[in-house]
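In the numbering used here, the protein residues as written are 817 to 904.
Put into structure tokens, the structure is as follows:
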């Protein structure tokens, strides 16, 4: 009879160890996924900041190009006609 009772006391211990190991494995994968997600968020924020800087630079470049186009449009057009009409 003692052999049956001693075997019943080991089963809860084994199941507790199995559940603890399963919990640790689950915690490991959840923690790993969380770290990777945090890393990706950090990289995406850095990428967003770089894109903001590039957009600002592009906007400034566009304003300069527009200003230069206005300056070239203000040139007198008389010079162009003298070159097109041949003299006889």
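Using N, Cα and C, we set each Cβ at its ideal position, and we do this for glycine too.
Inter-residue Cα distance where the pair is residue i and residue j
i	j	result
residue 870	residue 853	25 angstroms
residue 826	residue 849	35 angstroms
residue 838	residue 855	26 angstroms
residue 835	residue 851	24 angstroms
residue 831	residue 867	53 angstroms
residue 883	residue 876	11 angstroms
residue 847	residue 879	48 angstroms
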